[in-house]
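Chemist:
Residue numbers (my numbering), protein chains in the order written: chain L, 357 to 664; chain R, 357 to 664.
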């Protein structure tokens, strides 16, 4: 751990060391020491977020911390993994005051309790640019049970969890384009809900999380499985009607996209008990993704997805 | 893995996917899948670097990549661990051209071959600020054999590997303050040599790497071991005489600092065969770190260490 910023040793002791489990060695050593769970595969992911790109920048720091953890936890969810630990790297402006760190750590504490994870270590450095944060998340999975993007078959149903496009609508609400009276859409932009804990092994042929827009991410899954897909636009679960392009191409939903054979439809519903799960189309031969309107005619959009 | 920047999918395929081992799943899935080595503890560290803070910014991209890996590998070396895998997060300006990524990946390839590590995954995002990069390094160690900062004893010799202060002198050379005719000091600033592979378990009571200046980092080790230390300034191995304050307080050396009992002095020399290892003082009771001049008088410095 490289230490920096004038008061950083104190900040780490006050705000981050209390978040470390025993494996973090009090954040006072060169690295963390971690005994992996016996007989499990580890699942590891690392996502970064930049102020002005992945969040607006004036959010309360606890929400930035939680979105960072949750965007990474969503990747673990998409692999069917159980989260264990995380590491952080924060590049912050030298002028950042201690209250910001206190709030950031409070957000971490809240979500690490919620998701049962502990901090292993990391780094805090200074930058002259916007806030830049990254997290590495470590989870585990029964060997061979990880959900992959490969493996979807022709005829598999194309399912999504939750509602699609809420985060993009929330961002538009923050910009004043859309009314969001109860703040639900903004909360979906600021605080993703990683879909952890679904027992999808043996049910889903393929899975991934939707972070850069449904159409773009479906493209990745289709390429990984060497397939195409057909979406019925009218079936896509959205919070505001009439915004289908925003909903299909907007990023930051962190819902799951699943390929599930028809015979496992009921098992899927059971595995997702309590969570909305919707069939929006199916996987087809070829490499084309088609979105059909209510009359079955193909729709066109100006872009496929979101670019961070 | 969140994907971003307009051409990023292509960049990942061309430059980063070839660096991934089978555990990285071709960098085409949501996370990496990794079977930890049986019966080993994992050692995990995550350091970040920012242009203008940890490097000047106009270095060839391959050197930036290698310094990033090596600063993290040094943390593994300080724990006595064997490196395995790494993940990356890059926050780069949208205007960054493809040649920069090609050079960055070339540096990664060179060092991952040298240190026998492979890429597991990561993230590339855009920023309006300076380049900000972080890496997570994973290594392994025989359970219970990790070198810690705790455990130094009164009377232990205080040893350092290599020469101290070269990186700070190199930075001064880059600024025109010092002549560095053969470029050796600049190379020490730009390309640290992580001291991996030393069999120090059972020899060193405590170890850490020197990244923020010898005096400041020794302070961390002393606090972790509840001790003080005395340094003979004349014994500190330096490349340029007469620069003792720069050498004791400058960062980026990535040499090891060791606490070794007198009875293990010969074993230490054997373990470090081929690498310069120097006793520069000893650990003492109390909590004070004293630097003595050639006549035994305590010296004072304007700062303890380097702040990134």
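Ideal placement from N, C-alpha and C gives every residue a C-beta, glycine not left out.
(1) Could I get the ranges of all uninterrupted alpha helix (DSSP H) runs contained in the stretch 587-662 of chain L, with 4 residues as the minimum, in chain order?
(2) Please work out which residues of its chain come closer than 6 Å, Cβ to Cβ, to residue 447(L), disregarding the five sequence neighbours upstream and downstream, and give them in chain order.
(3) My parser needs the beta strand (DSSP E) runs of 3 or more residues fully inside the stretch 531-590 of chain L; what are they?
(4) Residue 505(R) versus chain L: which residues are under 9 Å apart at the beta carbon?
(5) Tell me which residues of the stretch 464-482 of chain L have at least one Cβ-Cβ distance to chain R shorter than 9 Å, keeping chain order.
(6) Taking all protein chains shown into account, do 16 or more other C-beta atoms lie within 10 angstroms of the C-beta of residue 526(L), making it buried, or fewer, making it exposed?
(7) If you follow the alpha helix (DSSP H) that residue 467(R) is in, where does it begin and where does it stop?
(8) Return the CA-CA distance between residue 630(L) and residue 407(L), expressed in angstroms with no decimal places.
(9) Compile a chain-ordered list of the residues in the stretch 397-408 of chain L whose CB is closer than 9 Å to at least one CB of chain R.
(10) Alpha helix (DSSP H) containing residue 447(R): first to last residue?
(11) Between which residues of its own chain and residue 418(R) is the CB-CB distance below 6 Å, once the five residues before and five after are set aside?
(12) Taking Cβ positions only, does residue 520(L) come closer than 9 Å to chain R?
(13) Check the Cβ of residue 419(L) against every Cβ in chain R and list those closer than 9 Å, keeping chain order.
(14) For chain L, check one thing: does any of its Cβ atoms lie closer than 9 Å to the Cβ of residue 595(R)?
(15) Along the beta strand (DSSP E) that carries residue 479(R), what are the first and last residues, could you check?
(16) Alpha carbon to alpha carbon, how far is residue 658(R) from residue 504(L)? Give it in angstroms, no decimals.
(17) Compute the Euclidean distance between the alpha carbons of residue 380(L) and residue 476(L), then round it to the nearest angstrom.
(18) Rounded to the nearest angstrom, what separates residue 384(R) and residue 494(L) at their Cα positions?
(19) Assuming residue 397(R) is part of the beta strand (DSSP E), what are its boundary residues?
(20) Going by beta carbon distance, what residues of the same chain come within less than 6 Å of residue 566(L), once the five residues before and after it are set aside?
(21) Mind listing the chain L neighbours of residue 392(R)? Cutoff is C-beta to C-beta under 7 Å, in chain order.
(22) Out of curiosity, what's the CA-to-CA distance linking residue 597(R) and residue 544(R)?
(23) Spatial neighbours of residue 405(R) within its chain, please: CB distance less than 6 Å, with the 5 preceding and 5 following residues excluded, ordered by chain position.
(24) Look at the alpha carbon of residue 649(R) and the alpha carbon of residue 589(R), and state the distance between them as a whole number of angstroms.
(25) Just to confirm, are residue 639(L) and residue 510(L) a CB contact at a threshold of 9 Å?
(26) Cβ closer than 9 Å: which chain L residues qualify as neighbours of residue 548(R)?
(27) Helix, strand or coil for residue 412(L)? Go by DSSP, reduced to three states.
(28) Measure the CB-CB distance between residue 643(L) and residue 582(L) and report whether it falls below 9 Å.
(29) Please report the straight-line C-alpha distance between residue 569(R) and residue 636(R), rounded to a whole angstrom.
(30) Which of helix, strand or coil does DSSP assign to residue 518(L)?
(31) Which residue or residues does DSSP assign as beta-bridge partners of residue 489(L)?
(32) Provide the residue(s) that pair with residue 496(R) in DSSP beta bridges, ordered along the chain.
(33) How many whole angstroms separate the CB atoms of residue 390(L) and residue 441(L), which I take to be in contact at a CB cut-off of 8 Å?
(34) How long is the line joining the alpha carbons of residue 560(L) and residue 633(L), rounded to whole angstroms?
(35) Could you confirm whether any beta carbon from chain L is found closer than 9 Å to the beta carbon of residue 410(R)?
(36) With a threshold of 9 Å between beta-carbons, can residue 488(L) be considered close to chain R, or not?
Modeler: Let's see:
(1) As for any alpha helix (DSSP H) of minimum length 4 sitting wholly inside the stretch 587-662 of chain L, the runs are 600-605 and 621-627, ordered along the chain.
(2) For residue 447(L), where only same-chain residues beyond five positions count, the Cβ hits under 6 Å are 481, 483 and 488.
(3) Runs of the beta strand (DSSP E) lying entirely within the stretch 531-590 of chain L and spanning at least 3 residues, in chain order: 562-566 and 584-588.
(4) Per Cβ cutoff of 9 Å: 381, 384, 385 and 386.
(5) Under the 9 Å Cβ criterion, the stretch 464-482 of chain L contributes 476, 477, 478, 479, 480, 481 and 482.
(6) Residue 526(L) should be labelled buried.
(7) Under the DSSP assignment, residue 467(R) falls in the alpha helix (DSSP H) whose first and last residues are 454-471.
(8) The straight-line gap from Cα to Cα measures roughly 34 Å.
(9) Under the 9 Å Cβ criterion, the stretch 397-408 of chain L contributes 397, 398, 399, 400, 401, 402, 403, 404, 405, 406, 407 and 408.
(10) Element bounds for residue 447(R): not the alpha helix (DSSP H) but the beta strand (DSSP E), 438-448.
(11) 459, 462 and 463.
(12) Taking a beta-carbon distance threshold of 9 Å, residue 520(L) does not count as an interface residue toward chain R.
(13) The contact set of residue 419(L) on chain R, defined by CB atoms closer than 9 Å, is empty, because the minimum CB distance reaches about 18 Å.
(14) Cβ-Cβ to chain L under 9 Å: no for residue 595(R).
(15) Counting along the chain, the beta strand (DSSP E) containing residue 479(R) begins and ends at 474-482.
(16) Rounded to whole angstroms, residue 504(L) to residue 658(R) spans 56 Å at the Cα level.
(17) Rounded to whole angstroms, residue 380(L) to residue 476(L) spans 4 Å at the Cα level.
(18) Residue 384(R) and residue 494(L): Cα-Cα distance of roughly 18 Å.
(19) Per DSSP, residue 397(R) belongs to the beta strand (DSSP E) from 397-406.
(20) In its chain, beyond the 5 residues on either side, 573, 609, 611 and 613 have a beta carbon closer than 6 Å to the beta carbon of residue 566(L).
(21) For a Cβ distance threshold of 7 Å, residue set 392 and 398 of chain L lies close to residue 392(R), ordered along the chain.
(22) C-alpha separation (whole angstroms): 17 Å.
(23) Contacts found: 424 and 489.
(24) Near 6 Å, if we compare the C-alpha coordinates of residue 589(R) and residue 649(R).
(25) The answer is yes: Cβ separation under 9 Å.
(26) At a beta-carbon threshold of 9 Å, none of the residues of chain L lie near residue 548(R); the nearest stands roughly 12 Å away.
(27) Residue 412(L) falls in the coil class under three-state DSSP.
(28) Yes, these two residues count as a Cβ contact at 9 Å.
(29) The straight-line gap from Cα to Cα measures roughly 15 Å.
(30) Residue state, collapsed to three classes: coil.
(31) Residue 489(L) is bridged to 405(L) and 446(L).
(32) Paired residue(s): 398(R) and 438(R).
(33) Rounded, the Cβ-Cβ distance is 7 Å, consistent with contact.
(34) Roughly 13 Å between the two C-alpha positions.
(35) Answer yes: the Cβ-Cβ gap between residue 410(R) and chain L drops below 9 Å somewhere.
(36) Answer yes: the Cβ-Cβ gap between residue 488(L) and chain R drops below 9 Å somewhere.
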